[in-house]
Each structure stands twice: as structure tokens, then as C-alpha cells.
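A.B. asks: When the letters of the sequence shown are read in order and numbered with my numbering, they come out as residues 75 to 436. My questions will all concern the structure given below.
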Amino acid sequence: MPLNFEARDRPSGVVRAVAPVVAIALTGVFGLVLFWLLGHSPVTALHAYFVAPVSSVRGLAELALSATPLVLCAVGLAVGFRANVWNIGAEGQLLIGATCGGGFALMVQDFGGAGPCVLPAMLVAGIGGGMAWAAIPAVLKVRFGASEILTSLMLTYVAGLVLGYAVHGPLRDPDGFGFPESKLFEDDALLPILVAGTRLNLAAPLALGVAAVAWLAMARSLIGFELKVIGVAPHAATYAGFSPRRAVWIGFLVSGGLAGLAGVCEVAGPIGQLTPEFSPGYGFTAIIVAFLGRLHPLGIVLAGLVMALTYLGAEQAKITLGLPEAVTGVFQGMVLFFLLATDGLAHLRVRWRRTRPAEAGA
């Protein structure tokens, strides 16, 4: 009775709906095996990784804080992904947004002009920096037909060098004993704290607002409809007069702007200054978040919380069990692997074919 896979006429909506849940469940099961292979009690390790980090108000606040940049970046990426615009450089756009927003705040501080308008201007500078950096692969794609996957990815490493130059050079704190970091931002350049005794700040509700606006734009606007049609049926979109070039620009500018906003919110929030490695790879993890959330803003918010837990869990497991931080990457990789695997089943139908006696004898 061999197992056969037959192609479906159309993808299964049920399988696609439950695929993220199945992927997370399989990640948990294989996580138990991973902890056992590392010499730890699977139940104890799983509790330390997934339960202990969110067992207090402070832990829940940290979860929301870590999910915020993931949600901002992933919502922007989802806008482009729906139109088959593959921006893989959100991490670089996040770094440039932080550099622009933080650099503006430091410039204002040097001139003694800090005030209530500094923070909004910082956010605008961060958005503008991310959009400008995302415009580079957009131009290369539209004008020369260059692969946006390669150009946006390679620019990420250039952005890291730009940030490194800034904190080692013109933006370095002269009183910082030579450490590659900027001055601490003044209070006017910091996001307000929402819950006393925690680090949760205004960026969290801002990310929820962005997700809500993105949902309305994608579901109720002509631009959202245009992007969907270009992604699903590009030939029909061309026939209808929709412009693929405009989709490229919209996808890159929206995703770049939101990634830049995520970057400046990080340095104006829990970090409070520019440092060369303030991001643990939020821009890359946001790609997984976007697909785990099915490119839907609500799903992205939930997926962002799940992936943020992998960061918190790694820190908790490192402290209590001595597990390496690389476990974070392993869990994120397993989520993506199982998501891709379960997605493949949406396009296939499993059939059990009975083997006839003649076939068995042959």
C-alpha cells in the first residue's frame, strides 16, 4: 500500500490555514529532542525556554517589546511580498533608519535644541532613511532589471558598515572611553514608557496601529487590490493597466520605511543610544514572521509574538541551563523548515494506493 502524492488543481485552503500551527507544534516536538540531545531534561528545558520568560508582567512586557520591531518590519515586507517584490534587505534598512534617526537626535543635542519636537522628527528621519536605502534596489530593479533579492541583501552588509563607521567616527561619544557607541539620548529623544517598572514603550501600540492601517489598505483600497492582482496574476494585472514598476516602488518604499521606523524605535527605546550591534537580526527574522503570519497583518502580530519568544527563551535558557544562544537560530530555522514543508502539502493530495497481488509478485 504505497503512499502517493498527487498535485491538486488548487491549493488546499484548510492545509494553508493550519500549516503555521502545525509548523509551531512540530518545532516544539523536535525542540524536546534537541534539548534531550544536549543533555537536559526536555520538560525542564521547554519550560525554561517557552514558559518562564512570560511568567510575569515584566516578562510579558519584554515579549511585546521584542515583537515590536519584528511586526513593523514584517508588515512592510508583506506588502511587497504580496506583489512578488522580494525585499530581503529589511535588516539593512533598519540599521540605516536607526543611524539617521539617532544621528538627527545627536545633532540636535549638540546644538542644544532638544524639545518635544525631537522625537517625532527622529521617527520621520528614521522612516526617510529606511525608504532611501530601500530605493536603491528599487531603482536597480526598475531601471536595469537587477535581482532585488541580491541587491537588497548585499546592501544589508553595506548598511552595517555605515553604522559601524558612524559609531566609530563622527557619532562616537568622546567621553565613552573609546567604546564604539554614541552619547546617550536625552529624555526628549526617548519613547515614553507605558508600564512602570518595565521597558515597554510607545513603539508597541504604534506597531499595532501600523498593522491595522496595513490591513485596511490591503483589504479595502485600490492599491491593495492592485498589489494582490500583480502577485497572483501578473498577466491579468498588465491587461488591466496595473503597473508592475509601481508595485516595486510601493513594496520597497513601504517596507523600507517601516524597517527604518523599527530601527529608530529600537535606539530611541530600550537601547537609548547608537551601538554597532543593537539588532540581533530583526530584519531577517521578520521574513519568517511575514510568512508564518500568512502575509496578513493580524497573523503577523501573532507570529511576531511567537518569534519574539525565541529571543527571550534563548536568554532565559542560557542563564538557567547554560544553553548556547545559537539555539535561537535553530528554533527559528525549524519553524521556517516545517512551515515550508507543510505549505508544500497544500499543493499535494496524499493517496494510499492498494498494491494488487500481481504487482506485489512482480
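We put the CB at the ideal spot given by N, CA and C, even for glycine.
Tell me whether Ile201, by its Cβ, gets closer than 7 Å to a heavy atom of the ligand HEM.
C.D. replies: Absence of the ligand HEM from the depicted structure is noted, as is the absence of any ligand whatsoever, leaving it without description.
A.B. asks: Is it buried or exposed for Phe178, if we count other Cβ within 10 angstroms and need 16 for buried?
C.D. replies: Against the sequence shown, residue 178 aligns to sequence position 104. Result: buried.
A.B. asks: Using a Cβ-Cβ cut-off of 7 Å (strictly less than) and excluding sequence neighbours within five positions of Leu227, which residues of its own chain qualify?
C.D. replies: Indexing the sequence shown from 1 puts residue 227 at position 153. The answer, listed in chain order, is Ile162 and Gly163.
A.B. asks: Looking at the unbroken alpha helix (DSSP H) that takes in Leu235, where does it start and where does it end?
C.D. replies: By 1-based counting over the sequence shown, the position of residue 235 is 161. Where Leu235 is concerned, the enclosing alpha helix (DSSP H) stretches over Glu222 to His242.
A.B. asks: What three-state label does DSSP hand Ile304 in the structure shown?
C.D. replies: Here residue 304 refers to the residue found at position 230 when the sequence shown is read from its first residue. Ile304 falls in the helix class under three-state DSSP.
A.B. asks: Ignore the nearest five residues each way along the sequence and tell me which others in Leu274's own chain have a CB closer than 6 Å to its CB.
C.D. replies: One-based indexing of the sequence shown puts residue 274 at position 200. So the list reads Ala135, Ala138, Leu139 and Leu268, once near-sequence residues are dropped.
A.B. asks: So for Met75, helix, strand or coil by DSSP?
C.D. replies: Your numbering for residue 75 matches position 1 in the sequence shown. With a pLDDT of only 48 at Met75, under the threshold of 50, the placement of this residue in the model should not be trusted, and no figure is reported.
A.B. asks: May I ask you to report which of helix, strand or coil DSSP gives Ala420?
C.D. replies: Against the sequence shown, residue 420 aligns to sequence position 346. Three-state result, Ala420: coil.
A.B. asks: Quick one, are the C-beta atoms of Ile210 and Leu335 less than 8 Å apart?
C.D. replies: Counting from 1 along the sequence shown, the entry for residue 210 is found at position 136. Counting from 1 along the sequence shown, the entry for residue 335 is found at position 261. Result no, Cβ atoms of Ile210 and Leu335 do not sit closer than 8 Å.
A.B. asks: Taking C-beta to C-beta, are Met196 and Ala263 nearer than 8 Å?
C.D. replies: By 1-based counting over the sequence shown, the position of residue 196 is 122. By 1-based counting over the sequence shown, the position of residue 263 is 189. Yes, the Cβ-Cβ distance between Met196 and Ala263 is below 8 Å.
A.B. asks: Taking only the alpha-carbon atoms, compute the straight-line gap between Phe104 and Val341 and give it to the nearest angstrom.
C.D. replies: Position 30 of the sequence shown, counted from the first residue, corresponds to residue 104. Position 267 of the sequence shown, counted from the first residue, corresponds to residue 341. Distance between the alpha carbons of Phe104 and Val341: 35 Å.
A.B. asks: I think Tyr356 touches Leu144, with their Cβ atoms under 8 Å apart; what is that distance to the nearest whole Å?
C.D. replies: Reading the sequence shown from its first residue, position 282 is the one you call residue 356. Reading the sequence shown from its first residue, position 70 is the one you call residue 144. Contact flag correct, Cβ pair sits at about 6 Å.
A.B. asks: Would you mind giving the Cβ-Cβ distance between Leu383 and Val117, rounded to the nearest angstrom? I have them listed as a contact below 8 Å.
C.D. replies: Here the question's residue 383 lines up with position 309 in the sequence shown. Here the question's residue 117 lines up with position 43 in the sequence shown. The Cβ separation is near 17 Å, so there is no contact.
A.B. asks: List the DSSP bridge partners of Asn275.
C.D. replies: Residue numbering aside, residue 275 sits at position 201 when the sequence shown is read from its first letter. Looking at the DSSP assignment, Asn275 forms a beta bridge with Ile267.
A.B. asks: Phe178 lies in the alpha helix (DSSP H); which residues open and close that run?
C.D. replies: Sequence index remark: in the sequence shown, residue 178 carries index 104 (1-based). Ala164 to Asp184 is the extent of the alpha helix (DSSP H) around Phe178.
A.B. asks: Quick one: is Cys191 buried, meaning 16 or more other Cβ sit within 10 Å of its Cβ, or exposed?
C.D. replies: Taking the sequence shown and counting its residues from 1, the one referred to as residue 191 is at position 117. Classification of Cys191: exposed, given that the 10 Å Cβ count is below 16.
A.B. asks: Does DSSP classify Arg320 as helix, strand or coil?
C.D. replies: On the sequence shown, residue 320 is found 246 positions in, with the first residue counted as 1. It is helical.
A.B. asks: For a test of the three-state rule: what should DSSP assign to Leu348, helix, strand or coil?
C.D. replies: Counted from its first residue, the sequence shown places residue 348 at position 274. Coil at Leu348, not helix or strand.
A.B. asks: In whole angstroms, give me the CA-to-CA distance for Trp426 and Ser115.
C.D. replies: Locating residue 426 in the sequence shown gives position 352, counting from the first residue. Locating residue 115 in the sequence shown gives position 41, counting from the first residue. Cα to Cα, the separation comes out at about 38 Å.
A.B. asks: Is Trp160 helix, strand or coil when you go by DSSP?
C.D. replies: Position 86 of the sequence shown, counted from the first residue, corresponds to residue 160. Correct three-state label for Trp160: coil.
A.B. asks: In this structure, how does DSSP classify Lys392 when only helix, strand and coil are distinguished?
C.D. replies: Within the sequence shown, residue 392 is the residue found at index 318, counting from 1. In this structure, Lys392 counts as helix in the three-state DSSP scheme.
A.B. asks: Using only the alpha-carbon positions, how far apart do Trp289 and Phe365 sit?
C.D. replies: Within the sequence shown, the letter at position 215 stands for residue 289. Within the sequence shown, the letter at position 291 stands for residue 365. For Trp289 and Phe365, the distance between alpha carbons rounds to 15 Å.
A.B. asks: State the Cα-Cα distance for the pair Gly219 and Pro354, rounded to the nearest angstrom.
C.D. replies: Locating residue 219 in the sequence shown gives position 145, where the first residue counts as 1. Locating residue 354 in the sequence shown gives position 280, where the first residue counts as 1. The straight-line gap from Cα to Cα measures roughly 31 Å.
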